[in-house]
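In this note's numbering, the protein residues as written are 97 to 574.
Using N, Cα and C, we set each Cβ at its ideal position, and we do this for glycine too.
Inspection log for the structure reproduced underneath, given as structure tokens.
Structural data, given as structure tokens:
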């Protein structure tokens with residue numbers, strides 16, 4: 097596929113291509129690569145990183161931190177732009193609904209905070225597959241001043257974090273457990289307009305605002321981001337900043353502070369060991385999909401939604417359709433809320449993949465698969481009431497089996513830690529499974545799916561959603 101001279105430019109400027117990026121070019125043919133799966137494209141991107149940044153030639157992580165160049169960042173995003181060209185039919189590449197227990201992660205996707213990895217790790221033994229919005233930005237959707245191809249220096253620190261993220265998640269991509277999907281709105285401007293418009297209307301109609309809990313979560317993250325930015329300030333600018341904060345500081349103490357900050361930069365493996373470029377760089381936060389897009393992807397792929405974010409959980413619950421009555425599934429949902437579950441935390445993906453290959457917690461996953469299939473079927477109120485009581489009883493039995501299985505996992509974990517020399521943990525918390533009588537849905541989302549997905553199976557709603565409530569945890573084993 098090629099962009100016509102009179103087509104709207106893909107950079108998002110609103111100008112025609114011939115009057116915008118045609119003369120600049122981005123160094124690529126705007127043609128689709130051979131038909132490949134999402135998994136294959138992600139593996140190609142991973143291998144491109146190894147090549148572009150010299151890992152194939154023996155470069156170390158610290159070498160890359162010291163030596164990353166604008167050209168390397170530009171080249172990486174050219175590869176991403178080639179893998180995901182404009183007008184590609186992203187929806188045709190997404191998995192279709194099936195009996196597979198598939199969750200769509202609705203939460204922060206900022207690699208620097210490891211939030212995606214943490215919540216995949218913590219939840220990995222309770223599902224078959226996780227869909228995650230790819231945190232790489234598409235160059236086709238960004239105006240020149242914010243584009244990593246036109247202005248790569250703005251993205252050097254961000255690129256380091258993206259590389260670290262992809263390195264850590266790559267074993268899970270190869271195993272098929274994680275499906276790192278492109279954001280469909282980046283390749284369908286009408287879809288973007290619709291889901292953003294629906295979200296704006298919902299926030300206005302419901303008079304929504306960021307909760308105190310969300311603001312409390314954001315503040316320390318912002319402070320951490322500012323601290324790391326300061327670690328990379330040039331000496332002269334760092335000196336000015338320190339003197340503003342401590343006007344009475346002596347020259348000796350100032351020199352010691354500068355030396356300390358530079359040492360912290362050098363020792364922080366998630367920071368470029370380079371000064372911030374002249375003019376600064378972008379500080380980027382990523383939050384994946386909003387509610388409307390989450391429901392769109394969930395219905396299209398047959399995925400339930402899961403999150404650990406209170407704000408997003410509240411928004412998800414606001415779309416519950418309980419026309420049959422809110423209490424139908426309550427015996428089961430209350431049983432889930434009363435139980436405490438174990439989660440892996442800060443664990444090497446290799447160990448987790450081994451656990452899944454060995455079938456650990458398979459009985460509990462079978463129970464959840466069966467629940468997923470039954471909930472997704474259309475049944476009468478009487479049938480649902482019977483199912484809810486049956487599943488509630490079965491949950492208690494399967495939970496007992498899972499507790500025994502976790503005791504064995506804990507023993508294996510100790511051996512693994514001893515052998516690898518690392519530190520890990522098992523944490524406990526809650527899994528709040530919510531099952532509205534008629535699922536979670538927004539009418540406009542169904543209309544979007546009907547208009548875009550021809551001859552394709554998709555769900556009329558998202559039957560279930562899960563909240564990972566780690567605030568319930570009461571013990572940590574290290």
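In this structure, does DSSP put residue i in helix, strand or coil?
{"i": "residue 529", "result": "strand"}
{"i": "residue 119", "result": "Model confidence at residue 119 stands at a pLDDT of 48, short of 50, so the residue's coordinates are unreliable and nothing is read from them."}
{"i": "residue 406", "result": "helix"}
{"i": "residue 132", "result": "coil"}
{"i": "residue 186", "result": "helix"}
{"i": "residue 257", "result": "helix"}
{"i": "residue 417", "result": "coil"}
{"i": "residue 576", "result": "Given a span of 97 to 574 for the chain in the structure shown, any question on residue 576 remains unanswerable."}
{"i": "residue 565", "result": "strand"}
{"i": "residue 426", "result": "helix"}
{"i": "residue 274", "result": "strand"}
{"i": "residue 79", "result": "Residue 79 cannot be examined here, being either before or after the span of the chain that is shown, 97 to 574."}
{"i": "residue 524", "result": "strand"}
{"i": "residue 545", "result": "helix"}
{"i": "residue 400", "result": "strand"}
{"i": "residue 338", "result": "helix"}
{"i": "residue 494", "result": "helix"}
{"i": "residue 501", "result": "helix"}
{"i": "residue 233", "result": "coil"}
{"i": "residue 99", "result": "Only weak support is given to the placement of residue 99: the predicted model assigns it a pLDDT of 49, under 50, and the value that follows is read from those uncertain coordinates. Correct three-state label for residue 99: coil."}
{"i": "residue 485", "result": "helix"}
{"i": "residue 282", "result": "helix"}
{"i": "residue 247", "result": "coil"}
{"i": "residue 380", "result": "coil"}
{"i": "residue 374", "result": "coil"}
Give the straight-line distance between the Cα atoms of residue i and residue j, rounded to the nearest whole angstrom.
{"i": "residue 229", "j": "residue 326", "result": "30 Å"}
{"i": "residue 176", "j": "residue 503", "result": "43 Å"}
{"i": "residue 459", "j": "residue 508", "result": "19 Å"}
{"i": "residue 437", "j": "residue 287", "result": "38 Å"}
{"i": "residue 206", "j": "residue 416", "result": "28 Å"}
{"i": "residue 317", "j": "residue 483", "result": "43 Å"}
{"i": "residue 431", "j": "residue 132", "result": "43 Å"}
{"i": "residue 42", "j": "residue 252", "result": "Residue numbering for the chain in the displayed model covers 97 to 574; residue 42 lies beyond these limits and cannot be assessed."}
{"i": "residue 243", "j": "residue 187", "result": "25 Å"}
{"i": "residue 165", "j": "residue 213", "result": "27 Å"}
{"i": "residue 373", "j": "residue 172", "result": "19 Å"}
{"i": "residue 128", "j": "residue 178", "result": "Low confidence applies to residue 128: its pLDDT is 49, below 50, so where it sits in the model is not reliable enough to give any reading."}
{"i": "residue 389", "j": "residue 291", "result": "6 Å"}
{"i": "residue 539", "j": "residue 308", "result": "29 Å"}
{"i": "residue 457", "j": "residue 396", "result": "28 Å"}
{"i": "residue 241", "j": "residue 360", "result": "31 Å"}
{"i": "residue 394", "j": "residue 377", "result": "34 Å"}
{"i": "residue 199", "j": "residue 167", "result": "37 Å"}
{"i": "residue 136", "j": "residue 429", "result": "38 Å"}
{"i": "residue 225", "j": "residue 367", "result": "31 Å"}
{"i": "residue 125", "j": "residue 181", "result": "Interpretation of residue 125 is limited by its pLDDT of 47, a score under 50 that renders its predicted location unreliable; the figure taken from the coordinates is listed afterwards. Going from the Cα of residue 125 to the Cα of residue 181 covers about 9 Å."}
{"i": "residue 151", "j": "residue 263", "result": "12 Å"}
{"i": "residue 559", "j": "residue 234", "result": "31 Å"}
Could you please give the first and the last residue of the uninterrupted beta strand (DSSP E) stretch that includes residue i?
{"i": "residue 472", "result": "Per DSSP, residue 472 belongs to no beta strand (DSSP E); it is in the alpha helix (DSSP H), 458-472."}
{"i": "residue 295", "result": "That residue, residue 295, is in no beta strand (DSSP E); its alpha helix (DSSP H) goes 285-301."}
{"i": "residue 68", "result": "Nothing can be reported for residue 68, as the shown portion of the chain is limited to 97 through 574."}
{"i": "residue 219", "result": "First-last for residue 219: 211-219, but that is the alpha helix (DSSP H), not the beta strand (DSSP E)."}
{"i": "residue 354", "result": "Careful: residue 354 lies outside any beta strand (DSSP E), inside the alpha helix (DSSP H) at 347-363."}
{"i": "residue 438", "result": "437-441"}
The alpha helix (DSSP H) with residue i in it runs from where to where?
{"i": "residue 392", "result": "387-397"}
{"i": "residue 536", "result": "Neither: residue 536 is in no alpha helix (DSSP H) and is coded neither H nor E."}
{"i": "residue 241", "result": "Here residue 241 belongs to no alpha helix (DSSP H), and DSSP marks it neither H nor E."}
{"i": "residue 451", "result": "445-453"}
{"i": "residue 176", "result": "166-179"}
{"i": "residue 198", "result": "Segment 198-201 is the beta strand (DSSP E) holding residue 198; no alpha helix (DSSP H) there."}
{"i": "residue 163", "result": "157-163"}
Assuming residue i contacts residue j (C-beta within less than 8 Å), just tell me the rounded distance between them.
{"i": "residue 387", "j": "residue 295", "result": "7 Å"}
{"i": "residue 523", "j": "residue 439", "result": "5 Å"}
{"i": "residue 553", "j": "residue 193", "result": "6 Å"}
_Quick check for students: name the residue ranges of the alpha helix (DSSP H) that lie wholly in the segment 307-332, counting only runs of 4 or more._
308-327
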